[in-house]
Ligand SMILES: NC(=O)c1ccc[n+]([C@@H]2O[C@H](COP(=O)([O-])OP(=O)(O)OC[C@H]3O[C@@H](n4cnc5c(N)ncnc54)[C@H](O)[C@@H]3O)[C@@H](O)[C@H]2O)c1
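In the working numbering, the protein residues as written are 237 to 502.
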């Protein structure tokens, strides 16, 4: 097992990619601390992992709130005394909050909230987890970026820059935490079949709907959405010793979207 007896935190573990990653980490032998803003979904996933024989517990935390992040890390310190893996998965898109998601109509509050969760939340979790990772001899941080941080697309004026920021934060923290033996990497999924993507698709205004539809499927060399479990495979690779020669890196997992300038036939 690739994560035997490792202690791992997964933020945003109540659904989607975070849920798939938490389930796979438990199968790989980790003790998984699932965290989410949504108590009922996070708790339900933790219970379902435990019922299947995995080691899992749930701690509610909003990653954009310093007090919550500190309490999460304090829980891990008291309970386990160490941390081996921090998976910064929690993230939101403009369309989680509004159907006016294009840059020229977006509310300032939505822009602030997206950046506070995706970028500042990732930084705060890294900051407060760093001493626990050091206590475990280094460990690994795995950050959720996105191809939205690598290429432009509509309705992502906060999301895209926040995810580009995650790519750069990954590099900076890889440099700074190298001395304590912590590897820091990120991955950039393309469109993956989760509630977030369904909301993005459903909220497209008529004038952007065609572009969104083309973008969701037309640009995929592998012509389908990725499954959360396929992204979880990359997360576990980056969390485990299999990626021991990688730090500061970004793995693109996007069904081939950013590899070409073509478009499948409609
Ligand atoms: N689905 C995709 O196509 C896709 C593509 C690229 C990147 N990503 C990234 O992967 C990550 C997971 O995406 P997903 O599609 O599974 O999303 P999702 O919306 O399905 O799930 C996100 C989870 O995060 C939780 N969450 C939201 N705000 C939070 C907060 N402030 N604190 C703690 N938890 C919070 C939600 O309750 C939810 O359980 C995100 O960072 C997202 O940006 C997703």
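Ideal placement from N, C-alpha and C gives every residue a C-beta, glycine not left out.
Where DSSP assigns a beta bridge to residue i, which residues make up the other side?
{"i": "residue 294", "result": "270"}
{"i": "residue 428", "result": "462"}
{"i": "residue 322", "result": "245, 377"}
{"i": "residue 419", "result": "376"}
{"i": "residue 467", "result": "Looking at the DSSP assignment, residue 467 forms no beta bridge with any residue, so it has no partner."}
{"i": "residue 487", "result": "423"}
Assign residue i to buried or exposed, taking buried as 16 or more other Cβ atoms, counted over all protein chains shown, within 10 Å of its Cβ.
{"i": "residue 457", "result": "exposed"}
{"i": "residue 499", "result": "exposed"}
{"i": "residue 309", "result": "buried"}
{"i": "residue 438", "result": "exposed"}
{"i": "residue 451", "result": "buried"}
{"i": "residue 348", "result": "exposed"}
{"i": "residue 379", "result": "buried"}
{"i": "residue 288", "result": "exposed"}
{"i": "residue 388", "result": "exposed"}
{"i": "residue 403", "result": "buried"}
{"i": "residue 410", "result": "buried"}
{"i": "residue 266", "result": "buried"}
{"i": "residue 365", "result": "buried"}
Checking 8 Å against the spacing of the C-beta atoms, do residue i and residue j come in under that value?
{"i": "residue 179", "j": "residue 406", "result": "Any answer about residue 179 is impossible in this case: the structure gives the chain only from 237 up to 502."}
{"i": "residue 343", "j": "residue 334", "result": "yes"}
{"i": "residue 269", "j": "residue 253", "result": "no"}
{"i": "residue 400", "j": "residue 475", "result": "no"}
{"i": "residue 440", "j": "residue 382", "result": "no"}
{"i": "residue 391", "j": "residue 307", "result": "no"}
{"i": "residue 302", "j": "residue 272", "result": "no"}
{"i": "residue 394", "j": "residue 350", "result": "yes"}
{"i": "residue 506", "j": "residue 324", "result": "Residue 506 is absent from the structure shown; the chain starts at 237 and stops at 502."}
{"i": "residue 243", "j": "residue 320", "result": "yes"}
{"i": "residue 264", "j": "residue 472", "result": "yes"}
{"i": "residue 262", "j": "residue 255", "result": "no"}
{"i": "residue 428", "j": "residue 461", "result": "yes"}
{"i": "residue 426", "j": "residue 491", "result": "yes"}
{"i": "residue 237", "j": "residue 329", "result": "no"}
{"i": "residue 251", "j": "residue 277", "result": "yes"}
{"i": "residue 466", "j": "residue 489", "result": "yes"}
{"i": "residue 374", "j": "residue 384", "result": "no"}
{"i": "residue 361", "j": "residue 299", "result": "yes"}
Quick one, which of the options has its alpha-carbon nearest residue i's?
{"i": "residue 480", "options": "271, 414, 459, 468", "result": "414"}
{"i": "residue 258", "options": "274, 273, 294, 276", "result": "294"}
{"i": "residue 367", "options": "473, 416, 468", "result": "416"}
{"i": "residue 358", "options": "288, 408, 463", "result": "408"}
{"i": "residue 463", "options": "448, 266, 434", "result": "434"}
{"i": "residue 369", "options": "398, 427, 317, 339", "result": "317"}
{"i": "residue 279", "options": "292, 356, 240", "result": "292"}
{"i": "residue 455", "options": "284, 312, 497", "result": "497"}
{"i": "residue 482", "options": "465, 422, 453, 384", "result": "422"}
{"i": "residue 322", "options": "444, 363, 459", "result": "363"}
{"i": "residue 290", "options": "240, 300, 304", "result": "240"}
{"i": "residue 398", "options": "346, 442, 448", "result": "346"}
{"i": "residue 501", "options": "495, 449, 410, 267", "result": "449"}
{"i": "residue 372", "options": "313, 412, 260, 352", "result": "313"}
{"i": "residue 444", "options": "352, 418, 339, 459", "result": "339"}
{"i": "residue 486", "options": "495, 386, 436, 446", "result": "386"}
{"i": "residue 356", "options": "311, 315, 305", "result": "305"}
{"i": "residue 477", "options": "412, 311, 418, 352", "result": "418"}
Using a beta-carbon distance below 8 Å, is residue i in contact with chain B?
{"i": "residue 243", "result": "The chain inventory of the structure shown lacks chain B, comprising one protein chain alone."}
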